[in-house]
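> Before I ask anything, here is the structure I am working with.
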Amino acid sequence: MAIHKKQILNRVYLLTGFMFLFAFAIGYKLVEIEFVLGDEFRKKAEEGSVKTFEIAANRGNVYTADGSLLATSVSKFDIRMDAVTISNSDFEKGIKGLSKSLSKMLGKSAGYYENKIRKARATKNRYLFITRNLSYNEYLLLKKFPIFKLGTYRGGFIVEQRTVREHPIGKIAERAVGYDDYRGKVGIEGSFYEFLRGKNGKRLKQKIAKGQWKPLNDNNEIEPIDGRDIITTIDLNIQDVAHHALLGQLEKFKADHGTVVVMETKTGEVKAISNLGRTSKGTYYEQRNYAIYETYEPGSTFKLMGMVVALEDKVIDTSSIIDTEKGVIYFHGKRVKDSRHGGYGKISAARVFEISSNVGAVKIINEHYKDDPKKFVAGLKKMNIDKKIGLPIKGEGTPLIPDPKDKKKWNGLSLPWMAYGYGVELTPLQILTFYNGIANNGEMVKPRFVREIRTQSNVITKFEKEVINPKICSQETIDKVKVMMENVVKRGTAINIYDENFSMAGKTGTGQTEYWTDQTKYVSSFVGYFPADEPKYSCIVVIHKPDKKIGYYGNIVAAPVFKQIANKIYSDTPKHESVEFSSQLASLDDNFNDYFEKANKNYKQVPNVKNMPGMDAISLLENLGFKVGFSGIGKVRSQSIKPGKQLEKGKLIILNLS
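To get this note's numbering, take the position in the sequence shown, counting from 1, and add 37.
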């Protein structure tokens, strides 16, 4: 009995010992977790429940000089559906209504959507694609549909928001405005991206449920800094007419591509720039920035540079007689010929320029500089045409001016070929900058695309006129070549664009390209300024590879674009109370004309802008004091405020574009 009792006590002691050791081990582990491993475990817990989120900064907008939007960021919404999470009663109650609503908004039949959603529910699809690229207004409407209005957990409504860059006026000036995305950095958007993009912020959030995070109050939170706005020099009206004038001529002559630039003479502000290239389908779009990057042999528009050098060196005067013979001469077996069969005979140097005699231009330069070609090239370089302009927009082409010092490239054809624009290469904007310098009485100014960088309330940086060369040549020479350029239009190669109502001056160019092949093509150009007596704008038009069967001379292909732009600018003066729309730009219905006259005169009624191009409608409504919102691209399909209602400045009007 005593032995049995002792055995029981030993077992109790042993069990008590084990329990003590177990309790000690637990206590030791608790102490270790709290004081030794505590920080590490707390960090792991926080990492799972607290996270730093990046707050995206709003990208700045790009505006025209008059405040119209060229580029802005808008939200787009992609919609998906969790077809499983919805209760059977909610699903059956709402599926018919949801399908009908989707059909009305998205176009396919109600049966299509009902079958699609039922199939997804049967296959346990929790991420069913519904639609993408909805505008904010469309998203607000869709989230009110049956089932979807129950929300994420009861209605399976999944929305994915993203920000995209849009051009409210469509494809016009798209290449100059550019982009900053996966494709790279191009144009104004790419060159000024550091100002536009802003700086993202940071915010701590705590996880409160699956997929849900609550912002935490944190003293270390960093607010985003929104991007700055860019105010360009672009004039929307001039840009519009330049774009359509170029487009019409490209289509007429089935050309490969073309560019037009309009610049304010005194300031260098670029008022319009259009670059259109042909697709395989025969349509045109803003393909590449030809005006800035593409160097080409300018042909006869380079004759102005040679004439200025010759006049500055006084080797000729405008009255000097040049024998163009029978319109054909040869250099080292290569022919130089005039477009007129039989030539022009003996004519003045001024007339050589006006009628664009190749033989005459070559004789002027070759006969006076063949023994010292370095002097001629030095005269060209003195006027800065051998250097890049130094644009803020990336991709400017490098000028090519042959130099006699380069023995490997200089030969007996170099000088005579340069005289009429071959063997040299310049971009359209570089050529325009020189011509603008002549129009500006010798002051060569840098082309400028941006006026200022600003926030909504403050100007951060203001860009002023920048002078490249204060005097590219003497005033005497400038006065002489100005007369010659005006005579090009009055009685020379561009007489076809002469208009007695307003004066223009410039030079035609018809250059061959790919002339080393059996399929010679042409580059047609015109560059000049207007008005001729007091230049306000300079302009260059360059059209590559027009269909030779239709026409290829610069006066026929390019000069009419110049005239159309000049004519439009002349006709658009502040004296007019009504807005004139070219028949090539827009065809407005009678109702719009009635409403516009009333709205513009009395400022009481809302105009009917239906069927107007979106750009024109936005411009008109903004001028009347509206805040304009829109969705889509193209012509106006509908407007949120009905025509004829009382006009209230500052009110928001939404346009739905096709």
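The beta-carbon is built from N, C-alpha and C at its ideal position, and this holds for glycine as well.
Just so it is clear, the structure is predicted and the values come from calculations on it, not from any experiment.
(1) Check whether the region 311 to 329 and the region 295 to 302 are in contact - that is, three or more C-beta pairs closer than 8 Å.
(2) Rounded to whole angstroms, what is the Cα-Cα separation between Val399 and Trp454?
(3) Taking buried to mean at least 16 other C-beta atoms within 10 Å of its own C-beta, is Ala159 buried or exposed?
(4) Relative to the C-alpha of Thr200, which candidate in Val345, Gly238, Thr109, Leu428 has its C-alpha closest?
(5) In the DSSP assignment, the beta strand (DSSP E) including Asp218 goes from what residue to what residue?
(6) From Thr545 to Gly662, what does the alpha carbon distance come to, in whole angstroms?
(7) Could you say which of Arg202, Gln512, Met344 lies nearest to Val99 if we only look at CA atoms?
(8) Taking 8 Å as the cut-off, is the CB of Tyr574 close to at least one heavy atom of the ligand COA?
(9) Can you give me the Cβ contacts of Met521 inside the same chain, cut-off strictly under 8 Å, excluding the 5 residues immediately before and after it?
(10) Straight-line CA distance for Ala347 to Arg212?
(11) Taking only the alpha-carbon atoms, compute the straight-line gap between Asn506 and Gln467 and give it to the nearest angstrom.
(12) Rounded to whole angstroms, what's the CA-CA distance from His405 to Phe563? Just pull it up for me.
(13) In terms of DSSP beta bridges, what is Val396 paired with?
(14) Check Gln324 in the structure and name its three-state DSSP category.
(15) Can you tell which of Ile167, Asn477, Asp609, Lys688 has the C-alpha that lies nearest to the C-alpha of Gln642?
(16) What did DSSP end up calling Met455 once you bin it into helix, strand or coil?
(17) Under the three-state reduction of DSSP, which class applies to Thr115: helix, strand or coil?
(18) When you compare the region 163 to 175 with the region 117 to 131, are there three or more beta-carbon pairs, one atom per stretch, that lie closer than 8 Å?
(19) What ranges does the alpha helix (DSSP H) occupy inside the region 326 to 407, keeping only unbroken runs of at least 4 residues that lie completely in it?
(20) Can you check which of these residues, Tyr149, Gln198, Val560, is closest to Ser27 by C-alpha distance?
(21) When DSSP labels each residue in this structure, what does Met56 get in the three-state scheme?
(22) Is Lys130 buried or exposed, if buried means 16 or more other CB atoms sit within 10 Å of its CB?
(23) For Val518, which of helix, strand or coil comes out of DSSP?
(24) Drop a sphere of 10 angstroms on the beta-carbon of Phe90, count the other beta-carbons inside from all chains shown, and report buried for 16 or more, exposed for fewer.
(25) Just to confirm before moving on: does the CB-CB distance between Ile275 and Leu107 stay below 9 Å?
(26) Pop quiz: Val482 and Glu503 are said to be a contact at Cβ under 8 Å. What is the actual Cβ separation, rounded to whole angstroms?
(27) Please report how far the alpha carbon of Glu334 lies from the alpha carbon of Glu489, in whole angstroms.
(28) Looking only at its chain, what residues have a beta carbon closer than 6 Å to the beta carbon of Ile366, apart from the 5 residues adjacent to it on each side?
(29) Could you check the C-alpha separation between Tyr589 and Val560 for me, to the nearest Å?
(30) Take the Cβ of Ala82 as the centre, count every other Cβ of all protein chains shown within 10 Å, and call the residue buried at 16 or more, exposed below.
(31) Measuring alpha carbon to alpha carbon, tell me which of Gly460, Val414, Lys363, Leu273 ends up nearest Lys442.
(32) Where DSSP assigns a beta bridge to Phe567, which residues make up the other side?
(33) Count the other CB atoms, across all protein chains shown, that sit within 10 Å of the CB of Glu342; report buried if there are 16 or more and exposed otherwise.
(34) Please report the straight-line C-alpha distance between Lys679 and Leu135, rounded to a whole angstrom.
(35) Going by DSSP, what residues sit across from Phe90 in a beta bridge?
(36) Quick check on the DSSP output: the alpha helix (DSSP H) that includes Gly416 runs from which residue to which?
Reading from the atomic positions:
(1) Counting Cβ pairs under 8 Å, three or more are found: they touch.
(2) As a working note, residue 399 is residue 362 in the sequence shown. As a working note, residue 454 is residue 417 in the sequence shown. Our two residues, Val399 and Trp454, have alpha carbons roughly 7 Å apart in a direct line.
(3) Counting from one through the sequence shown, the residue named residue 159 turns up at place 122. Answer is exposed; the Cβ neighbour count stays below 16.
(4) In the sequence shown, residue 200 corresponds to position 163, counting from 1. For the options Val345, Gly238, Thr109, Leu428, the alpha carbon positioned closest to that of Thr200 is the one of Thr109.
(5) For the purposes of this step, residue 218 is identified with residue 181 of the sequence shown, where counting begins at 1. First-last of the beta strand (DSSP E) with Asp218: 216 to 218.
(6) What you label residue 545 is simply residue 508 of the sequence shown in a count that begins at 1. What you label residue 662 is simply residue 625 of the sequence shown in a count that begins at 1. Inter-residue distance for Thr545 and Gly662 is about 43 Å (C-alpha atoms, whole angstroms).
(7) Within the sequence shown, the letter at position 62 stands for residue 99. Minimum Cα distance to Val99 is reached at Arg202.
(8) By its list of ligands, the structure shown contains no ligand whatsoever, and the ligand COA lies outside what it can speak to.
(9) Within the sequence shown, the letter at position 484 stands for residue 521. Met344, Thr355, Ala387, Phe390, Glu391, listed in sequence order.
(10) By 1-based counting over the sequence shown, the position of residue 347 is 310. By 1-based counting over the sequence shown, the position of residue 212 is 175. Looking at the two C-alpha atoms, the distance is approximately 38 Å.
(11) Working through the sequence shown from its first residue, we reach residue 506 at position 469. Working through the sequence shown from its first residue, we reach residue 467 at position 430. In a straight line, the C-alpha of Asn506 is about 13 Å away from that of Gln467.
(12) For the purposes of this step, residue 405 is taken as the residue at position 368 of the sequence shown. For the purposes of this step, residue 563 is taken as the residue at position 526 of the sequence shown. Rounded to whole angstroms, His405 to Phe563 spans 27 Å at the Cα level.
(13) Taking the first residue of the sequence shown as position 1, residue 396 is located at position 359. Among the bridge pairs identified by DSSP, Val396 is matched with none.
(14) As a working note, residue 324 is residue 287 in the sequence shown. Coil, per DSSP.
(15) Start at 1 with the first residue of the sequence shown, and residue 642 comes out as number 605. For Gln642, the nearest C-alpha among the options comes from Lys688.
(16) As a first step, residue 455 must be located in the sequence shown, where it is residue number 418. In the structure shown, Met455 sits in a helix (DSSP, three-state: H, G or I).
(17) For the purposes of this step, residue 115 is taken as residue 78 along the sequence shown, with counting starting at 1. Thr is not the amino acid found at residue 115; the sequence shown has Asp there. Residue state, collapsed to three classes: strand.
(18) Contact between the region 163 to 175 and the region 117 to 131 is present, because at least three Cβ pairs lie under 8 Å.
(19) Complete alpha helix (DSSP H) runs here, min 4: 327 to 330, 340 to 349, 386 to 391, 395 to 406.
(20) Nothing about residue 27 can be read from this structure; the chain reaches only from 38 to 695.
(21) The sequence position of residue 56 within the sequence shown is 19, counting from 1. In the structure shown, Met56 sits in a helix (DSSP, three-state: H, G or I).
(22) One-based indexing of the sequence shown puts residue 130 at position 93. By the Cβ-count criterion, Lys130 is exposed, with fewer than 16 other Cβ atoms from all chains shown falling within 10 Å of its own Cβ.
(23) If you number the sequence shown from 1, residue 518 lands on position 481. Note: Val518 maps to helix in three-state DSSP.
(24) Position 53 of the sequence shown holds residue 90. Phe90 should be labelled exposed.
(25) To locate residue 275, count along the sequence shown from 1; it is residue 238. To locate residue 107, count along the sequence shown from 1; it is residue 70. Not in contact: Ile275 and Leu107 (Cβ atoms no closer than 9 Å).
(26) For the purposes of this step, residue 482 is taken as the residue at position 445 of the sequence shown. For the purposes of this step, residue 503 is taken as the residue at position 466 of the sequence shown. Sure, about 7 Å apart at Cβ, within 8 Å.
(27) In the sequence shown, the residue the question calls residue 334 occupies position 297. In the sequence shown, the residue the question calls residue 489 occupies position 452. The C-alpha of Glu334 lies about 34 Å from the C-alpha of Glu489.
(28) Counting from one through the sequence shown, the residue named residue 366 turns up at place 329. Short of 6 Å from the beta carbon of Ile366, and not among the five residues preceding or following it, lie these beta carbons of its own chain, in chain order: Val373, Val396.
(29) The sequence position of residue 589 within the sequence shown is 552, counting from 1. The sequence position of residue 560 within the sequence shown is 523, counting from 1. Spanning the alpha carbons of Tyr589 and Val560 requires a straight line of approximately 7 Å.
(30) Position 45 of the sequence shown, counted from the first residue, corresponds to residue 82. Residue placement at Ala82 is flagged as unreliable, the pLDDT there being 49, under the threshold of 50; a coordinate-derived value is accordingly withheld.
(31) Start at 1 with the first residue of the sequence shown, and residue 442 comes out as number 405. Answer by Cα proximity: Val414.
(32) As a working note, residue 567 is residue 530 in the sequence shown. According to DSSP, which records beta bridges pairwise, Phe567 is partnered with Tyr574.
(33) Stepping through the sequence shown from its first residue, residue 342 is reached at position 305. One point to set straight first is that residue 342 is Met, not Glu, in the sequence displayed. Residue environment for Met342: buried (at least 16 other C-beta atoms within 10 angstroms of its C-beta).
(34) In the sequence shown, residue 679 corresponds to position 642, counting from 1. In the sequence shown, residue 135 corresponds to position 98, counting from 1. Cα to Cα, the separation comes out at about 30 Å.
(35) Here residue 90 is taken as the residue at index 53 of the sequence shown, counted from 1. In DSSP, Phe90 forms a bridge with Arg240.
(36) By one-based count along the sequence shown, residue 416 stands at place 379. Going by DSSP, Gly416 is part of the alpha helix (DSSP H) stretching over 410 to 419.
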